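A short worksheet on the structure shown next.
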Amino acid sequence: MTDNQNLLAEQRRALILDEVRRRGGVRVNELTRRLSVSDMTVRRDLDALARQGVIEKVHGGAVPVVEASTHEPGFEAKSALELSAKEDIARAAARMAVPGSAIALSGGTTTFALAHHLLEVPDLTVVTNSVRVADVFHSAQRLGAAGAPRPGAATVVLTGGVRTPSDSLVGPVADQAIRSLHFDVLFLGVHGISVEAGLSTPNLAEAETNRRFVQAARRVVVVADHTKWGTVGLSSFAQLSEVGVLVTDAGLSARAREEIAEHLPGLVVAGAPEGGDGTDDGREV
Numbered sequence: 012m013t014d015n016q017n018l019l020a021e022q023r024r025a026l027i028l029d030e031v032r033r034r035g036g037v038r039v040n041e042l043t044r045r046l047s048v049s050d051m052t053v054r055r056d057l058d059a060l061a062r063q064g065v066i067e068k069v070h071g072g073a074v075p076v077v078e079a080s081t082h083e084p085g086f087e088a089k090s091a092l093e094l095s096a097k098e099d100i101a102r103a104a105a106r107m108a109v110p111g112s113a114i115a116l117s118g119g120t121t122t123f124a125l126a127h128h129l130l131e132v133p134d135l136t137v138v139t140n141s142v143r144v145a146d147v148f149h150s151a152q153r154l155g156a157a158g159a160p161r162p163g164a165a166t167v168v169l170t171g172g173v174r175t176p177s178d179s180l181v182g183p184v185a186d187q188a189i190r191s192l193h194f195d196v197l198f199l200g201v202h203g204i205s206v207e208a209g210l211s212t213p214n215l216a217e218a219e220t221n222r223r224f225v226q227a228a229r230r231v232v233v234v235a236d237h238t239k240w241g242t243v244g245l246s247s248f249a250q251l252s253e254v255g256v257l258v259t260d261a262g263l264s265a266r267a268r269e270e271i272a273e274h275l276p277g278l279v280v281a282g283a284p285e286g287g288d289g290t291d292d293g294r295e296v
């Protein structure tokens with residue numbers, strides 16, 4: 012890590028978190044040297060990451076929190092993580108939505124970010140099981156003159172179902188609604204993605220609903236920041252061979268990119284500098 016004196020707090024904490032996960036733990040004095048910041052700054056960053064529940068502070072440093080495969084963070088907890096990465100991913104993924112097409116958006120904080128960018132794509136039909144995603148489109152429609160929908164505003168279908176901690180609707184009602192539909196593109200957020208487990212989630216009912224989404228889509232676009240790679244939830248719902256494109260962020264390691272390239276036909280590294288690593292913001296490789 013070099014030239015980090017002017018990093019924003021969010022970027023600095025992302026680097027710290029990556030270092031903790033990669034090495035299994037770090038000491039405060041190591042981070043002050045690597046980041047060229049004060050001991051107090053590092054300790055504040057560790058406090059912030061500990062409050063988010065992604066690290067555990069120990070004497071003189073920090074270690075990663077090892078989550079059970081059944082642990083399912085709530086929407087608010089997840090929404091505070093990897094904000095810049097999610098925005099980069101959302102911007103790149105939105106370019107894949109064709110005006111007038113039928114798309115599906117699963118639940119999650121990354122698809123929530125994506126929904127805001129999809130407001131600019133005209134005449135979409137959007138099916139979602141995310142209460143938060145549906146609210147994004149609903150709020151935009153209310154901004155039309157005299158309460159009328161804006162020209163080109165999306166038609167939104169919200170599935171029924173049982174609400175999860177991440178504000179997704181899952182279960183038999185949602186599954187039945189999705190079963191009879193067909194989508195041009197599914198934009199899918201995931202809890203975890205790996206070569207061995209494929210796409211996974213800690214919620215058994217959500218796994219089945221996501222499985223229905225995958226089966227109903229002509230093309231599956233996974234939107235997931237770099238921290239999701241290598242994470243495995245309780246239940247797998249799709250193999251990597253069922254994914255058309257993974258849209259992730261520049262925090263993904265070179266080794267992970269090579270591994271993904273062996274198993275996925277498409278990889279978009281959003282926010283990567285053009286020519287820096289063979290990808291740029293939103294280009295599929």
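With the first letter of the sequence shown counted as 1, position 12 gets the number 23 in this note's numbering; the numbers rise by one all the way through.
C-beta: ideal position from N, C-alpha, C; glycine also.
Keep in mind the model is a prediction, meaning the values are calculated, not measured.
| query | result |
| --- | --- |
| The region 132 to 139 / the region 162 to 179 touching (three or more Cβ pairs under 8 Å) | yes |
| The alpha helix (DSSP H) enclosing A25, as first and last residue numbers | 20 to 34 |
| With 16 other Cβ atoms within 10 Å as the buried cut-off, status of E217 | buried |
| Extent of the continuous alpha helix (DSSP H) run through T122 | 120 to 129 |
| Neighbourhood of A249 by C-beta, 6 Å cutoff - its chain only, sequence neighbours within 5 removed | G209, L210, V225 |
| Residues near E98 by beta carbon distance below 7 Å, same chain, minus five either side | A124 |
| Simplified DSSP assignment, three categories, for S211 | strand |
| Under 8 Å between C-beta atoms of R230 and G255 | yes |
| R54 beta carbon less than 8 Å from that of V39 | yes |
| K68 - containing beta strand (DSSP E), residue span | 66 to 69 |
| Distance, N214 Cα to D121 Cα | First, the residue type needs correcting, since residue 121 is Thr and not Asp in the sequence shown. Looking at the two C-alpha atoms, the distance is approximately 18 Å. |
| Meets three-Cβ-pair contact criterion under 8 Å: the region 164 to 182 and the region 96 to 110 | no |
| Whole-number beta carbon distance between L116 and S141, since they are thought to touch under 8 Å | 6 Å |
| Rounded straight-line distance, which links the Cα of H127 to that of L197 | 16 Å |
| S95 versus D58, I271, T259, residue with shortest Cα-Cα distance | T259 |
| Outcome for H202 when other beta-carbon atoms lying within 10 angstroms are tallied against a minimum of 16 | buried |
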